[in-house]
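**Q** Protein chains in written order, with the working numbering: chain R, 1 to 113; chain C, 114 to 1004.
Backbone N, C-alpha and C define an ideal beta-carbon position, used for all residues, glycine too.
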């Protein structure tokens, strides 16, 4: 099993938004998709996924609808709302700024100081 | 924020499907994962076990999901509500007492608020009603504080006062309406053409009156109220253009008013033009005929009352300038035209009464609230240990706070709901007392607005009641509480002091209410004891209007009177009958001028307005007047239109002090004229109260023979040996026999007129009396409750002291001393309150000083006795505590 990383606080929401931005997903699908797009590197405790989904739905960043799953079962599918799309763009940009800055800071060598 | 609320509402409104969906969603997840694990090679049992472990506790996840959607707050509320209901059901005695107290106190407030709201707060039902004003003439130094406005005033002011965008005149009158034999007497408002546009609300069908319709002969038009249209024309729009017989003349219906139209307190269903002739509009009549006509106006935009007043003053000054004689007469009389807000002016008389009734109701509510607070504090104190334990076990402060709020709001809401019924009953009671005769009184109703006020009141009361409990619960250090309670120590000093302060406040408030009720009751009693100047027992009175159209000359009218009086005299039980154009306490009290030969006003002495009457038959005997000098007028004086008159004592004393009034000459009108027009005084009668029993000003009155001063309206007065009301039918029959077109109205005994005239004294006296009885009861309950609780709390201490040798008398004395201290402080505060209340109640008092010693002493004694009684029982119980039981029985 590949080595997994602990999630940083607040990043789960971002990952969910990203996952459902690609196509409508049910809860289990969100979990699988996050694992897949993170190259199996991120481990999400299964139980903490749903409170996050419900919180995002409450904030109207994602919307839910009951539909048929691939294996013909009824499942609740989540899609991104316009507000969610906006939020995802903002969060991505701010994450990228932070990551760039962190990377720059951490790659500093003694000559540069 | 808004999105959150929307989302919360979506979930709350479909709570069951939300829960089902959540369960389904989580099960789907676990099953999908199980399938995946099976596919990866695990046995089905093992896969399912693994999936469940990795998912974690389903219940925890569900709880977190609910929290994510903010449902947990509501769940907590629901839980606390159930808990509160359980607690309240566990102590039914407390719950019933508390609910009834709240229902009573809130209900009383609701009643008074509904009255206040209908009369004082709600604007008149016209657009921009705050711009409506009234203008009246005042001659204070002539004893005429308030007259209406004259026709001349109207024609001179209309269009001439820039501060008014519209100005009109109206007059309350009556008319006999309907076909011969089926007539009814209806109240009518006679109005000038722009009356409806001044109000901003006119006919919804047809049109308003025109300028042409303000002259006699062309004024046969009428506008119907919606109610009249519905009753008599079945809401037929074709009624416009049809005819209605008014006072025998066909009048064309030109307009129909909208359903909600109601002008001030008027019950009128018909509106007709206020017509006049050129003579009435002339400057000579500027100051006459004003007492029945009232001016209303609408302020122009941007204009203020002050501006309008200034413009009216300036016009009055300019108009007076060309007549110096009149000018000096007017300035001696202190003449001024006053502009006042229409609504404020209409309810000015009743305003202080209502404010005081509301203050009384609020005081009652405070007393009730104090009682509840004490009861709740006692309960909270008993539960402090439980709360402390729960806090120690991790209950949040928020939880403790919300629990207290939920419990008290449940109580106050329940009480408030019952209070609605109490309020409705209160309004019925006020209606039975005659509240509909107050200005705008017929508007009084318990509506959504007052109900909303009651709801807010109940909610606020709940929060208010919870505050000290929360304070008590959160303040104490919980471990200390647990320990101290475990030792069975006394309740905390702070809580005790709070309870004592409440008792003091309660006693003080009850004392204020009691003394207030005392002086109001005394006022009522003294007002009722005022002699009206006649003997009101066994007298029946009724109003009849005899229209000019069918009784054109005075002989016609006197002939009608004669026939009526003769036929009435044959009825069994009739002792004397008479006729007058304005019976005392009829609600009409216009005054007019009389001149006296040989009397010239001294410089600066004001001319005086006097009551003037036309009387026929044995009026004086029927009313039971007392004769001071000379003789009464009789029917024969009317028949020959004899130039004689009778004056009252005030009149005689004012003009002929020290000498006999008999043989003196009086003129009807402001000027001394030729002797041939003079009336010779043939008698002096005692004073009577025309306007109200509490009238203080001696106005003087002149009684002329009916022929000389007949009026369209007359009152017939019958003295009988039977109960007066029993003659009403006979009277009606007699009048119909003489003229089937003449309806009767306002048939009442003189005694009931007197009772009705005192409503402004009776209503507050009675309501405040009811309030203070309840207040005293509540205070007794409160005092008893707090002291007996103090005894229970200190059982252990008392037992210990008695075991150490304290005598029962000492224990008893100690508790009595505490009670006395509280009582003393309460009475001291209450006396100050009673003084303040009395001073500000001056306007409501009649012949009673604001600080009335006997009333105060009585109130203090009553409160003292009641409170003492409430103290004695707990004190004696304290002294009877057995040391062994107290020490052993404590857990």
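1) Kindly indicate if chain R contains any beta-carbon less than 8 Å away from that of residue 187/C.
2) Just the C-alpha distance for residue 33/R and residue 192/C, rounded to the nearest angstrom, thanks.
3) So, helix, strand or coil for residue 17/R, using DSSP?
4) Compute the beta-carbon to beta-carbon distance between residue 478/C and residue 626/C, rounded to the nearest angstrom, for a pair I have assumed lies under 8 Å.
5) Less than 8 Å between CB atoms is the rule here; does residue 154/C satisfy it with respect to chain R?
6) When DSSP builds the beta bridges, which residues end up paired with residue 66/R?
7) Show which residues of chain C have a CB atom less than 8 Å away from the CB atom of residue 76/R.
8) Are three or more beta carbon pairs between the region 644–659 of chain C and the region 859–877 of chain C nearer than 8 Å?
9) Looking at chain R, which residues of the region 114–131 of chain C have a Cβ within less than 9 Å of any of its Cβ atoms?
10) In three-state terms, what does DSSP make of residue 581/C?
11) Of all the residues that make up the region 54–71 of chain R, which are near chain C by a beta-carbon distance shorter than 9 Å?
12) Let's test the definition: count the other Cβ atoms within 10 Å of the Cβ of residue 349/C and tell me whether it reaches 16, buried, or not, exposed.
13) Just the chain C side, please: which residues come within less than 9 Å of residue 82/R by C-beta, in chain order?
14) Please state if the CB of residue 412/C and the CB of residue 303/C are separated by a distance shorter than 8 Å.
15) Per the contact definition of three or more C-beta pairs closer than 8 Å, is the region 462–472 of chain C in contact with the region 557–569 of chain C?
16) Could you check whether the Cβ of residue 73/R sits closer than 8 Å to any Cβ belonging to chain C?
17) Whole beta strand (DSSP E) runs in the region 668–748 of chain C with 3 or more residues, listed along the chain?
18) Residue 366/C lies in the beta strand (DSSP E); which residues open and close that run?
19) In this structure, how does DSSP classify residue 438/C when only helix, strand and coil are distinguished?
20) Along the chain, where does the alpha helix (DSSP H) containing residue 309/C start, and where does it finish?
21) Compare the Cα-Cα distances from residue 317/C to each of 296/C, 301/C, 339/C and report the closest residue.
22) Pop quiz: residue 645/C and residue 806/C are said to be a contact at Cβ under 8 Å. What is the actual Cβ separation, rounded to whole angstroms?
23) Who are the neighbours of residue 27/R on chain C, taking C-beta pairs under 7 Å?
24) If I measure Cβ to Cβ from residue 851/C and keep anything under 8 Å in the same chain, skipping five residues before and after, which residues do I get?
25) What span of residues does the alpha helix (DSSP H) with residue 98/R cover, start to end?
26) Can you give me, in chain order, the residues of the region 181–208 of chain C that have a beta carbon less than 8 Å from any beta carbon in chain R?
27) Residue 24/R CB to nearest chain C CB: under 8 Å?
28) Specify the secondary structure class of residue 175/C as computed by DSSP and reduced to three states.
29) Report buried or exposed for residue 106/R, applying the criterion of at least 16 other Cβ atoms within 10 angstroms of its Cβ.
30) In this structure, how does DSSP classify residue 600/C when only helix, strand and coil are distinguished?
31) May I ask which residues mark the beginning and end of the alpha helix (DSSP H) holding residue 324/C?
32) Could you check whether the Cβ of residue 177/C sits closer than 8 Å to any Cβ belonging to chain R?
33) Within this structure, are the beta carbons of residue 825/C and residue 661/C separated by less than 8 Å?
34) Pull up the DSSP beta-bridge partners for residue 793/C, would you.
35) DSSP has residue 654/C in a bridge; who is on the other side?
36) When Cβ atoms are compared, which residues of the region 27–53 of chain R fall closer than 9 Å to chain C?
**A** Straight from the coordinates:
1) Within the second chain, the letter at position 74 stands for residue 187/C. So, not an interface residue.
2) Residue numbering aside, residue 33/R sits at position 33 when the first chain is read from its first letter. Residue numbering aside, residue 192/C sits at position 79 when the second chain is read from its first letter. Distance between the alpha carbons of residue 33/R and residue 192/C is about 39 Å.
3) Along the first chain, one-based indexing puts residue 17/R at 17. Looking at residue 17/R - three-state DSSP - the assignment turns out to be helix.
4) Numbered from 1 along the second chain, position 365 holds the residue referred to as residue 478/C. Numbered from 1 along the second chain, position 513 holds the residue referred to as residue 626/C. At roughly 11 Å, the Cβ-Cβ gap does not stay under 8 Å, so residue 478/C and residue 626/C are not in contact.
5) Within the second chain, residue 154/C is the residue found at index 41, counting from 1. No - not a single Cβ of chain R is within 8 Å of the one on residue 154/C.
6) Residue mapping note: residue 66/R aligns to position 66 of the first chain, counting from 1. DSSP, once it has assigned bridges, lists 76/R as partnering residue 66/R.
7) In the first chain, counting from the first residue as 1, residue 76/R sits at position 76. Residues of chain C passing the Cβ test: 134, 137, 138, 141.
8) Touching, yes, given that three or more Cβ pairs across the two stretches are closer than 8 Å.
9) Answer set for the region 114–131 of chain C: 116, 117, 119, 120, 121, 124.
10) The count along the second chain starts at 1 and reaches residue 581/C at position 468. Three-state result, residue 581/C: helix.
11) The residues in question are 54, 55, 56, 57, 58, 59, 60, 64, 66, 69, 71.
12) On the second chain, position 236 is the one that residue 349/C refers to. Flag for residue 349/C reads exposed.
13) Here residue 82/R corresponds to residue number 82 of the first chain, with the count starting at 1. Taking the beta carbon of residue 82/R as reference, no residue of chain C falls within 9 Å; the closest one sits roughly 12 Å away.
14) Against the second chain, residue 303/C aligns to sequence position 190. Against the second chain, residue 412/C aligns to sequence position 299. In terms of Cβ geometry, residue 303/C and residue 412/C do not form a close pair [threshold 8 Å].
15) The region 557–569 of chain C, when compared against the region 462–472 of chain C, does not touch it at the 8 Å Cβ threshold.
16) Along the first chain, read from residue 1 onward, the residue named residue 73/R stands at position 73. Answer yes: the Cβ-Cβ gap between residue 73/R and chain C drops below 8 Å somewhere.
17) 687–693, 705–709, 722–730, 740–743, all fully within the region 668–748 of chain C.
18) The sequence position of residue 366/C within the second chain is 253, counting from 1. DSSP places residue 366/C inside the beta strand (DSSP E), whose first and last residues are 362–369.
19) One-based indexing of the second chain puts residue 438/C at position 325. In the structure shown, residue 438/C falls within a helical segment according to DSSP collapsed to helix, strand and coil.
20) The residue you call residue 309/C lines up with position 196 of the second chain. Residues 308–312.
21) Numbered from 1 along the second chain, position 204 holds the residue referred to as residue 317/C. That would be 339/C, whose Cα lies nearest to the Cα of residue 317/C.
22) Counting from 1 along the second chain, the entry for residue 645/C is found at position 532. Counting from 1 along the second chain, the entry for residue 806/C is found at position 693. Yes, residue 645/C and residue 806/C are in contact; Cβ-Cβ is about 6 Å, under 8 Å.
23) By 1-based counting over the first chain, the position of residue 27/R is 27. Near residue 27/R (Cβ distances below 7 Å), the residues of chain C are 138, 142.
24) In the second chain, counting from the first residue as 1, residue 851/C sits at position 738. Here the set comprises 673, 676, 677, 680.
25) Looking up residue 98/R in the first chain gives position 98. Unbroken alpha helix (DSSP H) run through residue 98/R: 82–106.
26) Cβ contacts with chain R come from 181, 182, 183.
27) Numbered from 1 along the first chain, position 24 holds the residue referred to as residue 24/R. With 8 Å as the cut-off, residue 24/R does not count as an interface residue toward chain C.
28) The residue given as residue 175/C occupies position 62 in the second chain. Residue 175/C: helix per DSSP, three-state reduction.
29) As a working note, residue 106/R is residue 106 in the first chain. Taking every protein chain shown into account, the CB of residue 106/R has fewer than 16 other CB atoms within 10 angstroms, so this residue is exposed.
30) Locating residue 600/C in the second chain gives position 487, where the first residue counts as 1. Residue confidence for residue 600/C is low, a pLDDT of 43 falling below 50, so the modelled location carries little weight; the figure read from the coordinates is stated next. Collapsing the DSSP output to three states places residue 600/C in coil.
31) As a first step, residue 324/C is located in the second chain; it is residue number 211 there, counting from the start. First-last for residue 324/C: undefined, no H or E at that position.
32) Counted from its first residue, the second chain places residue 177/C at position 64. Yes, residue 177/C counts as interfacial toward chain R.
33) Start at 1 with the first residue of the second chain, and residue 825/C comes out as number 712. Start at 1 with the first residue of the second chain, and residue 661/C comes out as number 548. Between residue 825/C and residue 661/C, the C-beta spacing is below 8 Å.
34) What you label residue 793/C is simply residue 680 of the second chain in a count that begins at 1. Beta-bridge partners of residue 793/C (DSSP): 757/C, 778/C.
35) Stepping through the second chain from its first residue, residue 654/C is reached at position 541. Residue 654/C is bridged to 830/C, 861/C.
36) Within the region 27–53 of chain R, the qualifying residues are 27, 28, 29, 31, 32, 45, 46, 47, 48, 49, 50, 51, 52, 53.
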